[in-house]
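Below you'll find the structure, written out as structure tokens, and then a few comments.
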Amino acid sequence: MSRIITVGAAQLGPIQKEHTKTSAVDRLIALMRQASTNGCDLVVFPELALTTFFPRWFVDDITEADHWYETSMPSPVTQPLFDEARRLSIGFSLGYAELTPDGHRFNTQILVEKDGSVVAKYHKVHIPGHEHHEPDRPFQHAERYYFEPGPEGFGVWKAFGARVGMMICNDRRWPETYRVMGLKGVEMILCGYNTPIHYVPDPSQDILQGFHNALVMQSGAYQNGSWVVGVAKGGVEEGVDSLGQTCIVAPSGQIVAQAYTTGDELVVARCDLDWCSRYKDTLFNFDKYRRPEVYGSITAQKGVIFED
Ligand code: CDT
823 MSRIITVGAA QLGPIQKEHT KTSAVDRLIA LMRQASTNGC DLVVFPELAL
873 TTFFPRWFVD DITEADHWYE TSMPSPVTQP LFDEARRLSI GFSLGYAELT
923 PDGHRFNTQI LVEKDGSVVA KYHKVHIPGH EHHEPDRPFQ HAERYYFEPG
973 PEGFGVWKAF GARVGMMICN DRRWPETYRV MGLKGVEMIL CGYNTPIHYV
1023 PDPSQDILQG FHNALVMQSG AYQNGSWVVG VAKGGVEEGV DSLGQTCIVA
1073 PSGQIVAQAY TTGDELVVAR CDLDWCSRYK DTLFNFDKYR RPEVYGSITA
1123 QKGVIFED
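Using this note's numbering, the letters of the sequence shown map in sequence onto residues 823 to 1130.
Structure (structure tokens):
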């Protein structure tokens, strides 16, 4: 008997600065209800799904930004989402900004089971952008000011009858992200993202944003025999156009479902977890074919070292 998870990738359109978290939660609940109607076991929301992408502004005193963060989860504003999930018996994954009791700031994603219990928490590892104000930019991408990198690395958790991992946005561009989870037998990787179309350091990449988004997730899925669920917050948010193209990628590397708008849109796929073993047990049989004895530099060094 095949093991199926029906997944809803719940893309969000923009959340403007003046929009309240309550209004964002209302939109998440509407998408969750749609997912439930479509028979989903699990609905996946984007990175920073409760607020506008606030790292595009710099504040001198970071405590002025505290209102963008959640200090508990469920928080008072997200409790209705947890209640609705439990009522519908549907799981979900949610990205949000987290401020811990001891003052750490993380870009966080959680995985919540059908009974409303938080089964896993992931802190974004690869933090892109810059840490200081860069006045010449048309908009800031100050994630490195607002978030510290997750020290725990990449986890894989047993949930929904599968081995499930999480990554957040920029993590999806790094092959190490997928491989670490692949080595833990991951079968489904959940990823939320906010990707501005305009890449300020090299605008020649702007036209390739959609291509690169698909390229990295399709490669990561195929090379590790895993489903990948990539979920955007897209559209024009505070004047910044962001990529949509939410998609669900099979272990073959094929995109099996994709959003066609940049707004609130649910994309659904029935994901057969046993499809993973077709790749994990053959071409990418790690135990048989990997050569870790010659991969040492991948963990021993950070930047390039020329050997000439
Ligand atoms: N949110 C996030 O990680 N966005 C990055 C933009 C990189 S440009 C600073 C991404 O990789 O899509």
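Just so it is clear, CB atoms sit at the ideal spot from N, CA and C, and this is done for glycine as well.
Item, Value
"On the CB-based measure, 16 or more other CB atoms within 10 Å of its CB, does F914 come out buried or exposed?", "buried"
"Is it right to say S1026 is buried, meaning 16 or more other beta carbons lie within 10 angstroms of its own, or is it exposed?", "exposed"
"At what residues does the beta strand (DSSP E) containing G913 begin and finish?", "G913 to L921"
"Sorted by chain position, which residues of the same chain lie with C-beta nearer than 8 Å to V934's C-beta, five sequence neighbours on each side aside?", "F904, A907, G913, F914, S915, L916, V940 and V941"
"So F875 packs on A964, CB below 8 Å; how close in whole Å?", "Not really, about 10 Å apart at Cβ, beyond 8 Å."
"In the DSSP output, what is D848 paired with across the bridge?", "DSSP lists no partner for D848."
"Look at the alpha carbon of I1019 and the alpha carbon of A887, and state the distance between them as a whole number of angstroms.", "25 Å"
"Comparing C-alpha positions only, which one of A1054, D958, Y944 and E956 sits nearest to W979?", "Y944"
"Using alpha carbons as the reference points, say which of Y1000, H926, C1013 and R909 lies closest to D937.", "R909"
"Check whether the Cβ atoms of G1042 and C1098 sit closer than 9 Å, and answer yes or no.", "no"
"Taking only heavy atoms of the ligand CDT into account, decide whether any of them is closer than 8 Å to the Cβ of G1052.", "no"
"Measuring only from the beta carbon, is I1011 closer than 8 Å to any heavy atom that is part of the ligand CDT?", "no"
"Mind checking if I1029 is an interface residue toward chain C, Cβ cutoff 9 Å exclusive?", "Chain labels in this structure do not include chain C; a single protein chain is all it has."
"Just to confirm before moving on: does the CB-CB distance between V1062 and F961 stay below 9 Å?", "yes"
"Nearest to V1008 by CA position, among M989, W996 and D1024, is which residue?", "M989"
"Starting from E906 and walking both ways along the alpha helix (DSSP H), at which residues does that stretch end?", "Q901 to L910"
"Does the distance from the CB of P971 to the CB of V947 come in under 9 Å?", "yes"
"So L1037 is in the alpha helix (DSSP H); what residue range does that whole segment cover?", "Q1031 to N1046"
"At what residue ranges does the segment 1051-1085 contain a whole run of the alpha helix (DSSP H), taking only runs of 4 or more?", "none"
"So, are the CB atoms of V1090 and N860 less than 9 Å apart?", "yes"
"Can you give the beta carbon distance from I826 to D1094, rounded, assuming they're within the 8 Å contact cut?", "6 Å"
"With distances taken Cα to Cα, identify the nearest neighbour of L921 among V1071, M895 and S911.", "M895"
"Consult DSSP for D924 and reduce its assignment to one of helix, strand or coil.", "coil"
"Whose C-alpha, out of A919, Y1082, Q1031 and G951, is nearest the C-alpha of Q931?", "A919"
"Cβ-heavy atom distance between I1019 and the ligand CDT below 8 Å?", "no"
"Give the straight-line distance between the Cα atoms of Y1111 and T1121, rounded to the nearest whole angstrom.", "19 Å"
"By alpha-carbon positions, which one of E869, G1118 and T828 ends up nearest to Q856?", "T828"
"Using DSSP with H/G/I as helix, E/B as strand and the rest coil, what is G1004?", "helix"
"If distances are taken between C-alpha atoms only, which option among T885, L872, P877 and S911 comes closest to S897?", "L872"
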